[in-house]
Ligand code: GP9
Ligand code: MN
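Residue numbers (UniProt numbering): 215 to 616.
In structure tokens form, the structure reads like this:
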């Protein structure tokens, strides 16, 4: 009821005060989000047999804001959880996917905010079926005007692999749909080729597979390399169509690709020891925000995917103080813990995993007190989060007339 809302509002208010240095830098621009399937941060600036895995992204980073310490906060809802984190600034549920469980809720999501504060047209583009992850229903709730899905693409055996249409034909066929959106627009592209078990025909392999003991990891390198090429070709197309300059690009990994079961192969590839801290660091996903014409800057603040929404709104010059979410602007984020759905957490200094506390610097186990002092915040945030989602509490503040 409304007392719950007050309690939550009290907790969330003021946490995001102030306008940082980058406020409004991308005001009025079109927004293109690229959700990169299963893309972990370790591939960035990493070579295999002397070849870069992500040559295009490595170049792009030099002229972008590159957030190099951002953690995957998804749970069982995988891609749908990452979409939820970005659009709502809330955490996913501990089990299942919010997309499937709560499609009728009110969320005051990013597409809705962009529509009401900036007159944006909003769209999601993805080569899978509309029903997958209950996207069709949830996208209505989140405020997407258009959803271009498998049925809107020409998909055949030749241009497909694994889950569906390959990223290059997906982007190439997307341009015509995308071009029709009224400006300013918010368009989300969700890639697909870099999905477990990372299958790719030889003709599409632009890099040799890695040679670790783990086949999954060896193949992963080739599908990430392919995805990098696809994004490069998207950028080339956008430039040709004069759709590049007036846009802000937000490119991020949706969640890990290599599960713990296969992680030895990554340790081998990176020449690192199998330690809890290295495992934790492998949960990082890249976050690249590119505003054409800007100077590059690496931001090493520790944060999570939940922070993407506030960061983007901040750059667009749309205030976030009045928005109910757990999203903290990644440019000015303090030492607030990055919270994982299973109760683990990480700060700049400490990582809490399976009830043990580690120094992120020395990788050694330290007294649990260093981590336990964040427990109250962590529990409070997750509890409030679940109250909001399960009680559909944002409906009380969402009404356009309120
Ligand atoms: C399917 C794609 C992949 O549409 O989003 O789903 P995932 O298994 O990564 O959640
Ligand atoms: Mn995914």
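Glycine is no exception: its CB is placed at the ideal position from the N, C-alpha and C atoms.
Backbone CA spacing between residue i and residue j [nearest angstrom]
i: residue 455; j: residue 382; result: 17 angstroms
i: residue 325; j: residue 427; result: 44 angstroms
i: residue 414; j: residue 349; result: 26 angstroms
i: residue 492; j: residue 565; result: 11 angstroms
i: residue 589; j: residue 323; result: 28 angstroms
i: residue 391; j: residue 487; result: 47 angstroms
i: residue 527; j: residue 469; result: 22 angstroms
i: residue 616; j: residue 274; result: With a pLDDT of 39 at residue 616, under the threshold of 50, the modelled position of that residue is not reliable, and the figure given next carries that caveat. So the two alpha carbons sit approximately 42 angstroms from each other.
i: residue 606; j: residue 306; result: 14 angstroms
i: residue 621; j: residue 538; result: Since the first and last residues shown for the chain are 215 and 616, residue 621 lies out of range.
i: residue 245; j: residue 352; result: 20 angstroms
i: residue 436; j: residue 375; result: 13 angstroms
i: residue 228; j: residue 440; result: Residue placement at residue 228 is poorly supported in this model, since its pLDDT is 49, which falls under 50; the coordinates are not used for a value here.
i: residue 238; j: residue 595; result: 28 angstroms
i: residue 373; j: residue 367; result: 11 angstroms
i: residue 363; j: residue 253; result: 21 angstroms
i: residue 369; j: residue 474; result: 33 angstroms
i: residue 298; j: residue 576; result: 34 angstroms
The ligand MN heavy atom lying under 7 angstroms from the CB of residue i
i: residue 251; result: yes
i: residue 534; result: no
i: residue 156; result: Lying before the first or after the last residue shown, residue 156 is absent from the chain, which here runs from 215 to 616.
beta-carbon residue i near the ligand GP9 non-hydrogen atom, thresh 7 angstroms
i: residue 543; result: no
i: residue 339; result: no
i: residue 437; result: no
i: residue 226; result: no
i: residue 376; result: no
i: residue 293; result: yes
Exposure label - residue i; buried when at least 16 CB within 10 Å
i: residue 542; result: buried
i: residue 433; result: buried
i: residue 536; result: exposed
i: residue 604; result: exposed
i: residue 251; result: buried
i: residue 309; result: exposed
i: residue 261; result: exposed
i: residue 558; result: buried
Pair within 8 angstroms by beta-carbon distance, residue i and residue j
i: residue 338; j: residue 608; result: no
i: residue 255; j: residue 282; result: yes
i: residue 520; j: residue 540; result: yes
i: residue 313; j: residue 294; result: yes
i: residue 567; j: residue 490; result: yes
i: residue 505; j: residue 465; result: no
i: residue 451; j: residue 494; result: no
i: residue 402; j: residue 247; result: yes
i: residue 499; j: residue 467; result: yes
*asked:* I want to know whether the region 284-300 touches the region 264-274 - three or more CB-CB distances under 8 angstroms.
replied: no
*Would you call the region 316-335 and the region 354-364 in contact, with 3 or more CB pairs under 8 angstroms?*
yes
*Would you check if there are 3 or more beta carbon pairs closer than 8 angstroms linking the region 542-561 to the region 508-515?*
yes
*Within the chosen definition, does the region 272-283 reach the region 474-482 through at least 3 CB pairs nearer than 8 angstroms?*
no
*Evaluate the contact criterion for the region 232-239 versus the region 398-409: three or more CB pairs, one atom per stretch, below 8 angstroms.*
no
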